[in-house]
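A.B. asks: Just dropping this structure here.
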Amino acid sequence: MRLRFHCQNRIGILRDIVSHFVDYGLNVARGEVGGEHGNAIYLHVPNLLHAQLTTLKPALEAVPGVFGVRRVSLMPSERRHLELDALLSSLSDPVMSIDMEGHIVAANRAAGQLLGVRIDEVPGLSLNRYLPDLDLPALVRRNNARVNGLRIKLRDATFLADIAPLHREHLDDVASLAGAVVTLHSADRIGERIYQVQRQELRGFDALFQASPRLASLIREARRMAPLEAPLLIQGETGTGKELLARACHLASSRGQSPFMALNCAGLPESMAETELFGYAPGAFEGARPEGKLGLLELTAGGTIFLDEVGEMSPRLQVKLLRFLQDGGFRRVGSDEETYLNVRVVCATQQDLPRLCADGHFRQDLYHRLNVLSLAVPPLRDCLDGIEAMAEHFIDRAARQIGCHVPSLSPAALARLSAYHWPGNVRQLENVLFQAVSLCEGDSVEPSHLRLPDVGEAPGFTGVDVDGTLADILGEVERRVLATLYPHHPSSRQLAKRLGVSHTTIANKLRRHGIGNG
1 MRLRFHCQNR
11 IGILRDIVSH
21 FVDYGLNVAR
31 GEVGGEHGNA
41 IYLHVPNLLH
51 AQLTTLKPAL
61 EAVPGVFGVR
71 RVSLMPSERR
81 HLELDALLSS
91 LSDPVMSIDM
101 EGHIVAANRA
111 AGQLLGVRID
121 EVPGLSLNRY
131 LPDLDLPALV
141 RRNNARVNGL
151 RIKLRDATFL
161 ADIAPLHREH
171 LDDVASLAGA
181 VVTLHSADRI
191 GERIYQVQRQ
201 ELRGFDALFQ
211 ASPRLASLIR
221 EARRMAPLEA
231 PLLIQGETGT
241 GKELLARACH
251 LASSRGQSPF
261 MALNCAGLPE
271 SMAETELFGY
281 APGAFEGARP
291 EGKLGLLELT
301 AGGTIFLDEV
311 GEMSPRLQVK
321 LLRFLQDGGF
331 RRVGSDEETY
341 LNVRVVCATQ
351 QDLPRLCADG
361 HFRQDLYHRL
371 NVLSLAVPPL
381 RDCLDGIEAM
391 AEHFIDRAAR
401 QIGCHVPSLS
411 PAALARLSAY
421 HWPGNVRQLE
431 NVLFQAVSLC
441 EGDSVEPSHL
451 RLPDVGEAPG
461 FTGVDVDGTL
471 ADILGEVERR
481 VLATLYPHHP
491 SSRQLAKRLG
501 VSHTTIANKL
511 RRHGIGNG
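Next up, the structure:
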């Protein structure tokens with residue numbers, strides 16, 4: 001059992017506290033001092049039972065300077081270890097800490113995979129086994145400063161190494177080298193990394209498309225809701241960019257500098273989803289890590305948690321989430337300690353939550369808690385008036401990543417894109433154009449470069465806006481007919497012959513709707 005004592009920082013207070021455990025024959029395995037002014041003492045008493053704590057608590061709180069005693073699930077050092085472990089595990093690059101003899105002190109999972117050993121076998125390994133031609137400790141001593149982009153070869157792969165020296169303070173305030181942290185970046189992925197950096201240059205709402213009036217209206221609504229502290233529910237089909245919108249709302253809020261964590265509730269077993277979100281206490285179940293695990297909620301403290309596909313959440317998790325939304329409290333799996341956090345909840349779904357509530361698959365009270373603020377992301381087929389700007393952006397991005405010239409989008413290809421029904425929405429559009437640029441050997445992307453599978457709803461009149469006048473509706477139907485047929489009859493004369501009307505009539509209609517060369 002782990003205990004936290006809120007107390008004065010006075011000489012002898014630890015001795016006075018520990019003496020009570022001695023009277024019960026209980027061993028104190030570890031102690032730590034915490035708090036901003038050293039006003040908290042943490043003790044790990046492995047064999048202390050709950051009944052014994054109930055008996056001991058009045059005596060412990062009677063110790064002069066002790067203001068309160070309560071159970072905690074983690075010692076401060078254990079929490080720091082878990083946070084560091086979670087951070088390192090999330091990194092895809094190998095990261096190692098070495099001492100000044102060139103031995104590895106600690107490493108993340110990616111480093112263990114690179115070295116070909118289990119993660120628990122990494123500490124103590126000598127880097128000389130893997131880098132016989134490079135004396136890293138000597139390099140650190142010689143530079144005594146950060147080294148970036150050092151090209152090294154390790155296990156037949158080329159990396160660019162960033163080396164940051166670690167210093168320790170002596171009693172005379174003279175710093176000495178204790179080792180270094182080495183981060184390895186795959187040379188083969190540098191181009192991809194540059195692309196990712198370019199992709200993230202525009203952040204938040206500036207990174208979202210507003211070429212279509214419907215998308216521009218959505219962004220205006222989202223900007224108004226972003227600073228509010230209430231839960232936010234984002235509804236939309238797959239591939240519409242719900243997580244991008246959630247991140248933009250987070251960045252535009254007062255929590256923008258705090259963590260943003262995401263969990264996809266679809267496809268996760270209930271037990272895994274629960275431990276991922278809420279964490280678990282030490283030894284909570286067979287196979288659990290002895291130090292326990294922090295959940296995403298705790299790692300997000302002060303920030304925003306994004307729960308994607310919340311409609312797939314199990315009934316048990318719905319109850320725990322409802323409780324957290326009501327008072328900010330929850331219990332880790334296997335723990336009876338209450339944890340309270342300040343985290344904003346943003347959820348997304350492509351399902352009809354009111355229908356799920358009516359069918360008994362989703363809690364009505366949870367739905368109302370989540371639906372305080374709501375945004376509906378339109379599908380791409382309803383925003384085709386902005387597809388040309390989106391396509392040009394994705395073509396430019398793909399060409400930069402591949403390293404080729406930027407091709408133009410031919411009128412026939414644009415017509416093909418405009419006529420397609422886009423079941424995968426913007427994500428599918430990006431993927432299709434990336435593939436098209438990779439296939440394109442000329443100066444323009446043509447319909448033959450567009451790999452558009454005929455899945456989902458059939459193309460045609462899906463999504464036609466029937467709110468306008470008859471002339472407006474017929475005009476939209478006419479535009480879709482012309483956009484659908486033009487790629488197969490890519491001239492006004494061919495299309496006029498196909499539809500049985502005059503060349504002048506078709507030319508005028510193509511020009512009016514901005515299809516082809518008119």
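In terms of the UniProt record's numbering, the sequence shown opens at residue 1 and continues consecutively. Even for Gly, the Cβ is constructed at its ideal location relative to N, Cα and C.
1) Let's test the definition: count the other Cβ atoms within 10 Å of the Cβ of Leu380 and tell me whether it reaches 16, buried, or not, exposed.
2) Taking 8 Å as the threshold, find out whether the segment 401-410 comes into contact with the segment 436-447 through three or more Cβ pairs.
3) For Gly179 and Gly102, I'd like the C-alpha separation in whole angstroms.
4) If you pair each beta-carbon of the segment 258-265 with each one of the segment 303-310, do three or more pairs fall below 8 Å?
5) Would DSSP call Asp133 helix, strand or coil?
6) For the segment 322-334 against the segment 211-222, are there 3 or more C-beta pairs whose distance is under 8 Å?
7) Roughly how many whole angstroms lie between the Cα atoms of Pro231 and Leu251?
8) Give the straight-line distance between the Cα atoms of Gly68 and Pro290, rounded to the nearest whole angstrom.
9) Provide the residue span of the alpha helix (DSSP H) that contains Leu366, from first to last.
10) Figure out for me which residue from Ala107, Gln494, Leu482 and Gly204 has the closest Cα to the Cα of residue 528.
11) Does Gly292 pass the burial test, meaning 16 or more other C-beta atoms within 10 Å, or should it be called exposed?
12) Just to confirm the assignment, what range does the alpha helix (DSSP H) spanning Ala391 have?
13) Is it buried or exposed, Gly236, if we count other Cβ atoms within 10 angstroms and call 16 or more buried?
14) For Leu417, report the span of its alpha helix (DSSP H) as first-last.
15) Spell out the partners DSSP gives Cys7 in its beta bridges.
16) Classify His44: buried if its beta carbon has 16 or more other beta carbons within 10 angstroms, exposed otherwise.
17) Could you pull the start and end residues of the beta strand (DSSP E) that Leu373 belongs to?
18) Determine the extent of the beta strand (DSSP E) in which Val33 is found, giving its start and end residues.
19) Assign Asp336 to one of three DSSP states: helix, strand, or coil.
20) Spell out a yes or no on whether the segment 265-285 and the segment 240-249 are touching, meaning 3 or more CB-CB pairs, one atom from each, closer than 8 Å.
21) Output the residue ranges of the alpha helix (DSSP H) runs that lie fully inside the segment 477-517 and measure 4 residues or longer, sorted by chain position.
22) With H, G and I counted as helix, E and B as strand and the rest as coil, what does DSSP make of Leu261?
23) Could you check where the beta strand (DSSP E) with Phe330 kicks off and where it finishes?
24) Should Phe159 go down as buried or exposed, given a rule of 16 or more other Cβ atoms within 10 Å for buried?
25) Taking 8 Å as the threshold (C-beta atoms), are Gly25 and Tyr42 in contact?
26) Leaving out five residues before and five after Pro137 in sequence, what residues of the same chain have Cβ atoms less than 6 Å from its Cβ?
27) Find out if the Cβ-Cβ distance for the pair Leu177, Val140 is shorter than 8 Å.
28) In the DSSP assignment, what are the bridge partners of Lys153?
29) Note down, in chain order, each residue of its chain lying with its Cβ closer than 7 Å to the Cβ of Ala288, except the 5 sequence neighbours on either side.
30) If we require 3 or more residues per run, which beta strand (DSSP E) segments fall completely within the segment 278-314?
31) Measure the Cβ-Cβ separation of Met225 and Leu375 and say whether it is below 8 Å.
32) Could you compute how far the alpha carbon of Leu91 sits from the alpha carbon of Gly34?
33) Going by beta carbon distance, what residues of the same chain come within less than 6 Å of His367, once the five residues before and after it are set aside?
34) Tell me which residues share the same chain as Gln351 and place their Cβ nearer than 7 Å to its Cβ, disregarding the 5 neighbours each side in the sequence.
C.D. replies: A quick look at the data gives this:
1) In the sequence shown, the residue the question calls residue 380 occupies position 380. Burial call: buried.
2) yes
3) The residue given as residue 179 occupies position 179 in the sequence shown. The residue given as residue 102 occupies position 102 in the sequence shown. Cα to Cα, Gly179 sits roughly 8 Å from Gly102.
4) yes
5) As a position in the sequence shown, residue 133 is number 133, starting the count at 1. Coil, per DSSP.
6) no
7) The count along the sequence shown starts at 1 and reaches residue 231 at position 231. The count along the sequence shown starts at 1 and reaches residue 251 at position 251. Approximately 15 Å, taken between the alpha carbons.
8) To locate residue 68, count along the sequence shown from 1; it is residue 68. To locate residue 290, count along the sequence shown from 1; it is residue 290. The straight-line gap from Cα to Cα measures roughly 27 Å.
9) Along the sequence shown, one-based indexing puts residue 366 at 366. For Leu366, the uninterrupted alpha helix (DSSP H) run begins and ends at Gln364 to Leu370, by DSSP.
10) In the structure as shown, the chain starts at 1 and stops at 518, and residue 528 therefore has no counterpart that could be examined.
11) As a first step, residue 292 is located in the sequence shown; it is residue number 292 there, counting from the start. Buried, because 16 or more other Cβ atoms sit within 10 Å of the Cβ of Gly292.
12) Counting from 1 along the sequence shown, the entry for residue 391 is found at position 391. First-last of the alpha helix (DSSP H) with Ala391: Ile387 to Ile402.
13) For the purposes of this step, residue 236 is taken as residue 236 along the sequence shown, with counting starting at 1. Label assigned to Gly236: buried.
14) One-based indexing of the sequence shown puts residue 417 at position 417. Annotation: the continuous alpha helix (DSSP H) that includes Leu417 extends over Pro411 to Ala419.
15) As a first step, residue 7 is located in the sequence shown; it is residue number 7 there, counting from the start. Val66.
16) Numbered from its first residue, the sequence shown carries residue 44 at position 44. It is buried - the Cβ of His44 has at least 16 other Cβ atoms within 10 Å.
17) In the sequence shown, the residue the question calls residue 373 occupies position 373. Looking at the DSSP string, the run of the beta strand (DSSP E) that includes Leu373 is Leu373 to Ala376.
18) For the purposes of this step, residue 33 is taken as the residue at position 33 of the sequence shown. Where Val33 is concerned, the enclosing beta strand (DSSP E) starts and stops at Arg30 to Gly34.
19) Residue numbering aside, residue 336 sits at position 336 when the sequence shown is read from its first letter. Coil, per DSSP.
20) no
21) Complete alpha helix (DSSP H) runs here, min 4: 492-499 and 503-513.
22) Against the sequence shown, residue 261 aligns to sequence position 261. According to the sequence provided, residue 261 is Met. The question's Leu does not apply to it. Here Met261 sits in strand by DSSP.
23) Walking along the sequence shown from the start, residue 330 turns up at place 330. Per DSSP, Phe330 belongs to the beta strand (DSSP E) from Gly329 to Arg331.
24) In the sequence shown, counting from the first residue as 1, residue 159 sits at position 159. Label assigned to Phe159: buried.
25) Taking the first residue of the sequence shown as position 1, residue 42 is located at position 42. Taking the first residue of the sequence shown as position 1, residue 25 is located at position 25. Not in contact: Tyr42 and Gly25 (Cβ atoms no closer than 8 Å).
26) One-based indexing of the sequence shown puts residue 137 at position 137. Only Met100 and Gly102 meet the Cβ criterion.
27) Taking the sequence shown and counting its residues from 1, the one referred to as residue 177 is at position 177. Taking the sequence shown and counting its residues from 1, the one referred to as residue 140 is at position 140. Closer than 8 Å, so yes.
28) Numbered from its first residue, the sequence shown carries residue 153 at position 153. Answer is Thr158, bridged to Lys153.
29) Within the sequence shown, residue 288 is the residue found at index 288, counting from 1. These residues qualify, in order along the chain: Tyr280.
30) 304-308
31) Taking the first residue of the sequence shown as position 1, residue 225 is located at position 225. Taking the first residue of the sequence shown as position 1, residue 375 is located at position 375. Yes, the pair counts as a contact, with Cβ atoms nearer than the cut-off.
32) As a position in the sequence shown, residue 91 is number 91, starting the count at 1. As a position in the sequence shown, residue 34 is number 34, starting the count at 1. Their Cα atoms are separated by approximately 29 Å.
33) Translated into positions along the sequence shown, residue 367 becomes position 367. Looking at the sequence itself, residue 367 is Tyr, so the reference to His does not match. So the list reads Leu353 and Cys357, once near-sequence residues are dropped.
34) Looking up residue 351 in the sequence shown gives position 351. So the list reads Gly311, once near-sequence residues are dropped.
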